[in-house]
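Colleague:
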Amino acid sequence: MTTHYLVLSALLFAIGGAGVLIRRNAIVVFMCVELMLNACNLAFVTFARQHGNLDGQLIAFFVMVVAAAEVVIGLAIIVMIFRTRRSASVDNANLLKY
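Sequence positions in the sequence shown follow the numbering used here and run -1 to 96.
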């Protein structure tokens, strides 16, 4: 049963990684990064359940907290870029340079 969860976690991580490498829209890239983080959380919780301790769930909780902070800061940057350039393309991300 553990292998099913790990295969699902690997599949979700691969989909997220492909989305980060292929897509050019910043919002889609952030969603793919979140998908990768959730895949890691699934693996952490799976291994924690297999070993019978709560360490994996604690790590998954902290990963969710960091992901929430990343989304807040990332979306603020995307909104700032969109207001000035009217595009959320990752190719225009060098806008923040002086």
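Ideal Cβ placement from N, Cα and C applies to all residues, glycine included. Nothing here was measured: the structure is a model prediction, and the numbers come from that model.
Evaluate Ile79 with the Cβ neighbour count: other Cβ atoms within 10 Å of its Cβ, from every protein chain shown; 16 or more gives buried, anything less gives exposed.
Modeller: That one is buried.
Colleague: What's the call for Asn51, buried or exposed, on a 16-neighbour Cβ count within 10 Å?
Modeller: So Asn51 counts as exposed.
Colleague: Tell whether a beta-carbon distance below 8 Å holds between Leu10 and Ala46.
Modeller: It is not a contact, given that the beta carbons lie outside the stated cut-off.
Colleague: Please return the same chain residues whose Cβ sits closer than 7 Å to the Cβ of Val61, not counting the five positions on each side in sequence.
Modeller: Around Val61: Leu35, Cys38 and Asn39.
Colleague: Is Ala58 closer than 8 Å to Phe42 when the C-beta atoms are compared?
Modeller: Yes, they are a contact pair.
Colleague: Starting from the Cα of Gly15, find the closest Cα among Leu4, Val31, Val64 and Ile25 and give me that residue.
Modeller: Measuring from the Cα of Gly15, the nearest candidate turns out to be Val31.
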